[in-house]
Amino acid sequence: MEFIGETAALATAIFWAFTSMFFTQASRLIGSFNVNKIRLVLAVSIYCIALLVTEGRLLPDNITGDHFFWLGLSGIVGLVIGDSALFKAFVMIGPRLAMLIHASAPVMATIIAWIFLGEVLGALDVIGICVTVAGITWVVAERKYRSNNFVDKSHPDAGSLAKGVGLGLLGALGQAAGLVIAKYGMLNVGATVEPMEASFIRMLAAMIVIWVYAVFRGQMPATFMAVKNVRAIGFSVGGAVFGPFLGVWMSLVAVKYIEAGIAATINATTPIWIIPLVIVIYKEKVSVRALSGAIVTVAGITLLMLS
5 MEFIGETAAL ATAIFWAFTS MFFTQASRLI GSFNVNKIRL VLAVSIYCIA LLVTEGRLLP
65 DNITGDHFFW LGLSGIVGLV IGDSALFKAF VMIGPRLAML IHASAPVMAT IIAWIFLGEV
125 LGALDVIGIC VTVAGITWVV AERKYRSNNF VDKSHPDAGS LAKGVGLGLL GALGQAAGLV
185 IAKYGMLNVG ATVEPMEASF IRMLAAMIVI WVYAVFRGQM PATFMAVKNV RAIGFSVGGA
245 VFGPFLGVWM SLVAVKYIEA GIAATINATT PIWIIPLVIV IYKEKVSVRA LSGAIVTVAG
305 ITLLMLS
């Protein structure tokens with residue numbers, strides 16, 4: 005079949021767009037921290053089933069303690085810290101603006117990899133960073149965004165536009181750092197670990213940490229109450245299926261058939277696919293400025309990934 009890789013990469017971007025919608029809706033009902041705890045349990049369960057069905061086991065025999073440490077650390081940085089910040093940003097400033105800010109994650113990952121892994125930046129990389137940051141700044145500076153459009157002040161994720169933007173950037177940084185650490189754990193501490201098994205270890209570590217934290221903070225009663233919200237659980241299930249499962253799976257199919265730079269570039273079109281979704285779901289009017297900023301942002305990531 006022609007264009008398998010390109011189709012899979014496009015599916016990845018669309019799946020992540022739907023994921024942001026699902027998790028935003030769930031977070032508005034039960035709070036982002038509860039959603040993060042619940043979706044990690046769901047994701048780990050899905051990975052267990054997928055690995056047992058496809059491989060007949062959860063992990064290969066060559067997994068070492070070093071693998072668990074680095075991949076586990078990447079899960080905590082990316083899935084606990086990064087995603088917790090991103091989910092709060094979803095609620096505070098909406099999924100479209102939050103995901104557009106989050107599009108800076110590849111830029112941050114490139115810089116972090118340059119500093120800690122010695123991956124050298126070329127001239128086109130620098131141009132791509134500048135273009136991407138310019139696109140994000142152009143949209144964030146638009147005055148029409150109001151603080152806390154979606155929840156009242158009593159909601160656990162209530163906050164200002166500035167705080168939402170800051171959390172969006174923290175989410176991007178967490179994802180970027182988590183990705184670099186995961187790459188090190190997969191490729192540089194012994195035998196190579198396949199992406200599916202590496203993702204399982206990351207999510208398992210993140211799930212353990214975030215639930216232990218919830219226990220020590222005395223948040224279990226609130227969590228049990230959240231689980232009783234059928235609508236929120238439904239949205240969380242949808243987000244877990246479209247994101248950690250289908251999204252990751254399609255991204256691996258993409259890089260199997262086409263160059264990683266092309267796949268990553270198509271994956272980064274998620275903010276573009278969010279625009280029609282927010283128009284339909286939230287009846288949000290998208291300005292020419294927001295649309296042009298999204299296009300500029302993706303153009304910058306294209307330069308970065310194809311350099």
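According to this note's numbering, the sequence shown is numbered sequentially starting from 5. Idealized CB from N, CA, C, for every residue including glycine.
Taking 7 Å as the cut-off, the Cβ atoms of threonine 273 and valine 302 count as close.
Serine 164 carries a coil assignment under DSSP once its states are collapsed to helix, strand and coil.
For lysine 287, no alpha helix (DSSP H) encloses it, and the DSSP letter there is neither H nor E.
With contacts defined as CB atoms closer than 7 Å, glycine 79 and alanine 210 qualify as a contacting pair. Comparing C-alpha distances from valine 95 to each of Tyr286, Val84, Arg293 shows the shortest one belongs to Tyr286. Sixteen is the threshold: when 16 or more other Cβ atoms of the shown chains lie within 10 Å of the Cβ of proline 248, as they do, the residue is buried. Rounded to the nearest angstrom, the Cβ distance from glycine 172 to isoleucine 85 is 13 Å, too far for a contact under 8 Å.
Annotated as distal: methionine 254 and alanine 17, with beta-carbon spacing of 7 Å or more.
Closest option to tyrosine 51, judged by alpha-carbon separation, among Val290, Arg206, Met190, Ile67: Arg206. Excluding residues up to 5 positions away in sequence, Phe26 lie with their Cβ nearer than 6 Å to the Cβ of glycine 242 in the same chain. Cα atoms of leucine 208 and serine 49: separation of roughly 10 Å, rounded to the nearest angstrom. One thing to note: valine 184 has its Cβ within 7 Å of the Cβ of isoleucine 116. By the Cβ-count criterion, threonine 114 is buried, with 16 or more other Cβ atoms from all chains shown falling within 10 Å of its own Cβ.
The Cβ neighbour count for methionine 103, taken over all protein chains shown within 10 Å, is at least 16; the residue is labelled buried. In this structure, the CA atom of phenylalanine 72 is about 8 Å from the CA atom of glycine 189. Out of Met224, Trp277, Leu177, Ile133, the CA that lies nearest to the CA of serine 88 is found in Leu177.
Between lysine 232 and leucine 14, the alpha-carbon positions lie close to 35 Å from each other. Leucine 281 and alanine 166 have their C-alpha atoms some 24 Å from each other. In the displayed model, arginine 43 falls within a helix according to three-state DSSP.
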